[in-house]
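Asker: Have a look at this one before I ask anything.
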Amino acid sequence: PWPEALGKRKSKARGFAHHEVNSKLYRFTGRTLPDEVWFWADVKATDPGPTNLTVHVEDPAAGADEPATVRVRMLGYSHLPKDPDHDVEVTWNGVPVGTAVWDGEAPYVFEGKIASTNLKAGDNVLGLRASGEKTGGIDFVLLDWVEVDYERRVTVERRDQVAVRAADAGSDAAGERHADTARRVIG
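Offset between the sequence shown (1-based) and this note's numbering: plus 1.
Quick look at the structure:
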């Protein structure tokens with residue numbers, strides 16, 4: 002039996018969100034890259050501002066002990082003699098997370114930390130800006146996907162059930178959000 006004194010309890014678990022929208026098709030001619038590849042967005046040094054994308058996060062734990070981790074997979078599209086070719090500033094809800102720096106027509110996974118106070122329940126804004134500082138203003142990068150790993154809130158709604166989402170809401174190729182919910186009877 003569930004002790005009455007506990008009432009509605011809250012605890013924490015890990016949350017994970019993977020967002021990927023295949024909205025732009027790019028053709029490549031090199032030997033190491035596929036002939037057709039789909040990407041979410043392109044980021045160019047000539048853009049007037051950052052490329053802002055919405056990333057949905059379900060039930061982050063308020064006052065989490067650890068920062069969240071954001072991973073952003075990009076592919077360098079431009080290739081110039083100057084190394085490194087790519088320099089992309091990454092922000093989360095307007096707060097700098099770090100800078101992705103790499104060379105060539107190659108994939109790169111940026112990983113940075115987000116303070117728990119900057120992770121909102123619902124829609125958050127990921128900003129990407131290619132600086133082009135090292136390449137004379139030329140930098141062209143393709144965004145593939147975004148992942149967020151974070152501490153999330155779990156709520157005991159009734160003394161005989163615990164609500165836990167087995168997978169966080171994420172976007173599929175069509176941009177539709179999905180979340181699986183499982184309830185476990187406690188007895």
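Note that the Cβ used here is the ideal one computed from N, Cα and C, for glycine as well.
1. Tell me the rounded alpha-carbon separation between V56 and P97.
2. With burial defined as no fewer than 16 other Cβ atoms inside 10 Å of the residue's Cβ, what is the status of D124: buried or exposed?
3. Mind reading off the beta-carbon distance from D43 to K25? Whole number of angstroms is fine, and I expect it under 8 Å.
4. If contacts are defined as beta-carbon pairs under 8 Å, then Y151 and P61 qualify, I think. What distance do you get, rounded to the angstrom?
5. Quick check on this structure: which residue in A101, L143, R153, R154 has the alpha carbon closest to the alpha carbon of N23?
6. With H, G and I counted as helix, E and B as strand and the rest as coil, what does DSSP make of T118?
7. Is it buried or exposed, A63, if we count other Cβ atoms within 10 angstroms and call 16 or more buried?
8. How many angstroms separate the CA atom of N94 from the CA atom of A116?
9. Where do the N-terminal and C-terminal ends of the beta strand (DSSP E) with Y27 fall, by residue?
10. Taking the alpha carbon of V73 as the reference point, which residue from K83, S79, D140, E90 has its own alpha carbon closest?
11. Under the DSSP definition of a beta bridge, which residues are partnered with Y109?
12. Going by DSSP, what residue range makes up the beta strand (DSSP E) through P51?
13. From V38 to Y27, what distance separates their C-alpha atoms?
14. Let's test the definition: count the other Cβ atoms within 10 Å of the Cβ of D140 and tell me whether it reaches 16, buried, or not, exposed.
Answerer: Checking against the coordinates, here is how it stands:
1. On the sequence shown, position 55 is the one that residue 56 refers to. On the sequence shown, position 96 is the one that residue 97 refers to. Distance between the alpha carbons of V56 and P97: 16 Å.
2. Counted from its first residue, the sequence shown places residue 124 at position 123. So D124 ends up on the exposed side.
3. Mapped onto the sequence shown, residue 43 falls at position 42. Mapped onto the sequence shown, residue 25 falls at position 24. 6 Å between Cβ atoms; contact.
4. The residue given as residue 151 occupies position 150 in the sequence shown. The residue given as residue 61 occupies position 60 in the sequence shown. Correct: roughly 5 Å between the Cβ atoms.
5. One-based indexing of the sequence shown puts residue 23 at position 22. Ranking the options by Cα distance to N23, first place goes to L143.
6. Counting from one through the sequence shown, the residue named residue 118 turns up at place 117. Helix.
7. Locating residue 63 in the sequence shown gives position 62, where the first residue counts as 1. With fewer than 16 other Cβ atoms from the protein chains shown falling within 10 Å of its own Cβ, A63 counts as exposed.
8. Locating residue 94 in the sequence shown gives position 93, where the first residue counts as 1. Locating residue 116 in the sequence shown gives position 115, where the first residue counts as 1. The straight-line gap separating the alpha-carbon atoms of N94 and A116 is approximately 11 Å.
9. The count along the sequence shown starts at 1 and reaches residue 27 at position 26. That run of the beta strand (DSSP E) goes 25-28.
10. Here residue 73 is taken as the residue at index 72 of the sequence shown, counted from 1. Closest in alpha carbon position to V73, among K83, S79, D140, E90, is E90.
11. Reading the sequence shown from its first residue, position 108 is the one you call residue 109. The partner list for Y109 (beta bridge, DSSP) reads M75.
12. Residue numbering aside, residue 51 sits at position 50 when the sequence shown is read from its first letter. Unbroken run through P51: none, as it is neither H nor E.
13. As a first step, residue 38 must be located in the sequence shown, where it is residue number 37. As a first step, residue 27 must be located in the sequence shown, where it is residue number 26. Roughly 6 Å between the two C-alpha positions.
14. Here residue 140 is taken as the residue at index 139 of the sequence shown, counted from 1. Its Cβ being crowded by 16 or more others within 10 Å, D140 is buried.
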